[in-house]
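With the first letter of the sequence shown counted as 1, position 427 gets the number 476 in my numbering; the numbers rise by one all the way through. By construction, the Cβ of each residue, glycine as well, lies at the ideal position given by its N, Cα and C atoms. Bear in mind that the values here come from a model prediction, so they are computed numbers and not experimental data. Shown next, in structure tokens, is the structure this report addresses.
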Amino acid sequence: MLPPNLDALRDTDLNDPYYVPTAGSGALIPQLSPFRNRLREKGFTFSFTYKGEANGLFAGGRPGEKGTSYVHELTLQAIFDLGKMDPRLGGWSVHTLVMERAGKAIQGPRVGESYVGLQEVYSLSGNVVAHLVDLYAEKKFRNNTLDVIFGRMSLTHVFATSPLLCSFMVTCSAPVAIKQNPGMSVYPKATWGARIRFRPTWDTAIQIGAYSVGALNENPSGWAWGAEHATGISLPIEFTWQPFLTRNRLPGHYVLGYAHDTTRYADKIGSALPSAVAAQVPGARSAPSDMFWLEADQMVYRLGGRNMMAGGYLMGGYIHVTPRAVNVSDQLYGGISLVGVIPSRMTDRLGMMFSWYKVSNRRRQSEQLALDGGYGLPSGVYGVQHSSDVIEAYYGIDALPGLLVQPEFQYMIHPGETHKIRNAGMMGLKVIANL
């Protein structure tokens, strides 16, 4: 963190590392540093990261399903600084990201949960050998106060996320109410689009984007662009206030966002009914989707100074989505993220978060209509759904340069958003290694 008399944010854009989730520092193979530095001088940087998540059900959940589920991802990211390759292209860069994911997630088979992904790695893509996430160009203008990107990307690289959220498995790379909306194309799901970010004052930023929308289950590899079928356009806009409060200059991030998706979604009031019956439900109609999010975090003490995250934070947020269009219409969360809880471990981080999820009233009405009509409920639904809660706690150990070891605890209240399944207790381990 810069000293108070050197406020770099007065003439530079919000730093992308705040938005793009990262963890740990350094690299496991320092011998590569001279090679990396030579490449960086020529305009090329890269990173290769392993992230593994093992999560074990030890109490509650589905009967007879206690045990451990493991998922992992391997990520290769590259950035080409075209300005270093050719001075005439100053401010231009190209970003690429490819990943491999494998494993079996815990939430469905063991816990009985359909909507809340309890392991971030598996939440949207499943098993894939080489998934293309990013392929976009970036141009910085006006001393980095104006930033434009266009190409193929995930919206939550820059919208509705933060590294604090991504330190928790259940809210990475975005809160669940945002993940389940096709209009947001949450990482690692990518789409075509563009975004402009502008800093009108030193402590504020406004960004607006336009992105193609398609079904979440289309093109799981990320390469089959011709197989995608655009259903509409997502138009997100986000305002960020980033003050430095008190005489200690403690940073905060206060984000207000809105997105309109022009896709006409089938009314969820028919989602649990046979198609012939759903078409006859009075008042059912397709409609576009709107989303609102409010996210905030505030440092309450600084410790160390390695980067903007070197301190203790309070955080919270709320998300609402059009109930006709989604299964989870509301989410509320709050938590803490603290470094240096153990005095001898100044870079370790303790995190605790409580999240509440509300099932859309249209989805709930559909399930009640299905039961009343004698049609039964869809597979994986154990009763009329209302809401659920998740408590997550972790202790992130900065074990070595480039290695983060993070024991995890999760407790889900009302799995499946019903009272039919016992509350689930889980313990696990997340490991992130930067090579």
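Residue i versus residue j: straight-line alpha-carbon distance, rounded
| i | j | result |
| --- | --- | --- |
| Ala72 | Val326 | Unreliable placement is indicated for Ala72, whose pLDDT of 48 sits below 50; the coordinate value is still reported in the next sentence. Answer to the nearest angstrom: the Cα atoms are 49 Å apart. |
| Arg298 | Gly445 | 25 Å |
| Asn86 | Leu77 | 16 Å |
| Val377 | Gln229 | 8 Å |
| Pro70 | Ser222 | With a pLDDT of only 39 at Pro70, under the threshold of 50, the placement of this residue in the model should not be trusted; the figure read from the coordinates follows. Between Pro70 and Ser222, the C-alpha separation is close to 7 Å. |
| Arg313 | Phe341 | 18 Å |
| Met476 | Ile385 | 19 Å |
| Gly365 | Ala336 | 30 Å |
| Glu267 | Glu277 | 6 Å |
| Ala315 | Glu169 | 27 Å |
| Asp196 | Tyr424 | 53 Å |
| Ala473 | Ile155 | 11 Å |
| Val165 | Val349 | 30 Å |
| Gly411 | Leu418 | The sequence given here has Arg at residue 411, not Gly. The alpha-carbon atoms of Arg411 and Leu418 are separated by roughly 11 Å. |
| Leu294 | Gln347 | 9 Å |
| Arg201 | Trp274 | 10 Å |
| Leu51 | Pro392 | For Leu51, the predicted structure reports a pLDDT of 39, less than 50, and the residue's modelled location is therefore unreliable. The matter cannot be settled from this model. |
| Ser428 | Ser203 | 30 Å |
| Leu81 | Pro249 | 40 Å |
| Ser96 | Val454 | 19 Å |
| Tyr119 | Ile481 | 14 Å |
| Leu484 | Pro79 | 9 Å |
| Ala448 | Gly383 | 27 Å |
| Ala345 | Gly361 | 14 Å |
| Ile308 | Lys153 | Before going on, a small fix: residue 308 reads as Ala here, not Ile. Rounded to the nearest angstrom, the two C-alpha atoms are 32 Å apart. |
| Leu88 | His144 | 15 Å |
Residue i at chain D interface by Cβ criterion, 9 Å
| i | result |
| --- | --- |
| Lys188 | In summary, chain D is missing from the structure at hand, where a single protein chain is found. |
Candidates the options: closest to residue i by CA position
| i | options | result |
| --- | --- | --- |
| Ala239 | Arg248, His180, Gly101, Glu287 | His180 |
| His121 | Leu184, Val143, Thr98, Trp141 | Thr98 |
| Tyr443 | Glu102, Tyr314, Leu138, Glu344 | Glu102 |
| Gly205 | Asp438, Pro237, Met364, Ser409 | Here the sequence assigns Thr to residue 205, which means Gly is not the residue at that position. That would be Pro237, whose Cα lies nearest to the Cα of Thr205. |
| Phe247 | Ser270, Val480, Glu344, Val207 | Val207 |
| Val219 | Trp405, Ala108, Leu449 | Trp405 |
| Ser270 | Lys153, Asn472, Glu149 | Glu149 |
| Ile255 | Val304, Ala243, Gly423 | Val304 |
| Thr467 | Asn193, Ala308, Lys189, Leu426 | Leu426 |
| Tyr260 | Thr295, Thr280, Ser393 | Thr280 |
| Leu343 | Gly306, Asn104, Asn192 | Gly306 |
| Phe288 | Val349, Val178, Asp252 | Asp252 |
| Gly75 | Gly451, Arg471, Lys115 | Gly451 |
| Trp241 | Trp272, Leu418, Ala321, Gln417 | Trp272 |
| Arg351 | Gly389, Val330, Gln380, Gly383 | Gly389 |
| Lys567 | Ile481, Val430, Ala448 | Limits of the chain in this structure are 50 at one end and 484 at the other, which puts residue 567 out of reach. |
| Val330 | Ser320, Asp339, Asn104 | Ser320 |
| Arg159 | Leu484, Arg471, Asn483 | Arg471 |
| Pro224 | Ala328, Lys407, Val454 | Lys407 |
| Ala209 | Val480, His302, Asp447, Glu441 | His302 |
| Asp310 | Pro300, Leu449, Leu387, Gly232 | Gly232 |
| Pro323 | Gly332, Phe84, Gly422 | Gly422 |
| Ala359 | Pro212, Ala333, Leu123 | Pro212 |
| Asn193 | Trp290, Gly157, Asn176, Ile245 | Ile245 |
| Ser338 | Arg137, Val262, His144, Glu441 | Val262 |
| Val182 | Leu146, Phe84, Arg191 | Leu146 |
| Glu441 | Met401, Ala328, Ser409 | Met401 |
Residue i and residue j closer than 9 Å at C-beta
| i | j | result |
| --- | --- | --- |
| Leu214 | Gln459 | no |
| Ser420 | Pro456 | Note that residue 420 is Leu in the sequence shown here, rather than Ser. Not a contact, by the Cβ cut-off of 9 Å. |
| Thr117 | Leu125 | no |
| Ala189 | Gly140 | The sequence given here places Lys at residue 189; Ala does not occur at that position. The answer is yes: Cβ separation under 9 Å. |
| Gly161 | Gly113 | no |
| Ile198 | Ala243 | yes |
| Val439 | Phe403 | yes |
| Gln414 | Ile318 | yes |
| Ala186 | Ser142 | yes |
| Ser234 | Ser283 | yes |
| Ala151 | Gln380 | no |
Contact test: residue i Cβ vs the ligand HEM heavy atom, cutoff 8 Å
| i | result |
| --- | --- |
| Asp252 | Here there are no bound small molecules, and the ligand HEM is not part of this structure. |
Worksheet item: Contact between the region 89-96 and the region 119-134: three or more CB pairs below 8 Å?
Response: Output reads yes: the region 119-134 touches the region 89-96.
Worksheet item: Would the region 459-467 and the region 430-442 be scored as touching if the rule is three or more Cβ pairs under 8 Å?
Response: Pairwise C-beta distances place the region 459-467 in contact with the region 430-442, as three or more of them are shorter than 8 Å.
Practice prompt. Write down every uninterrupted run of the alpha helix (DSSP H) in the region 89-157 whose length is 4 residues or greater and which is fully enclosed by it, in chain order.
Written response: DSSP runs (the alpha helix (DSSP H)) wholly in the region 89-157: 131-134.
Worksheet item: Where in the region 165-211 do unbroken runs of the beta strand (DSSP E), each at least 3 residues long, occur, reported from the N-terminal end onward?
Response: Entirely contained in the region 165-211, the beta strand (DSSP E) runs reaching 3 residues are, in chain order, 177-190, 195-202.
Worksheet item: Can you find at least 3 beta carbon pairs, one from the region 369-376 and one from the region 386-404, that sit closer than 8 Å?
Response: Judged by Cβ distances under 8 Å, the region 369-376 makes no contact with the region 386-404, as fewer than three pairs qualify.
Worksheet item: Enumerated in chain order, which unbroken segments of the beta strand (DSSP E) with a length of 3 residues or greater are wholly contained in the region 405-479?
Response: DSSP runs (the beta strand (DSSP E)) wholly in the region 405-479: 436-449, 452-462.
Fill in: Contiguous beta strand (DSSP E) assignments of at least 3 residues, all confined to the region 356-381
Correct list: 360-370.
Fill in: Contiguous beta strand (DSSP E) assignments of at least 3 residues, all confined to the region 254-302
Within the region 254-302, the complete beta strand (DSSP E) runs of at least 3 residues are 281-290.
Fill in: Contained beta strand (DSSP E) runs [length at least 3] in the region 320-358, N- to C-terminal order
As far as the region 320-358 is concerned, its whole beta strand (DSSP E) runs of at least 3 residues are 336-351.
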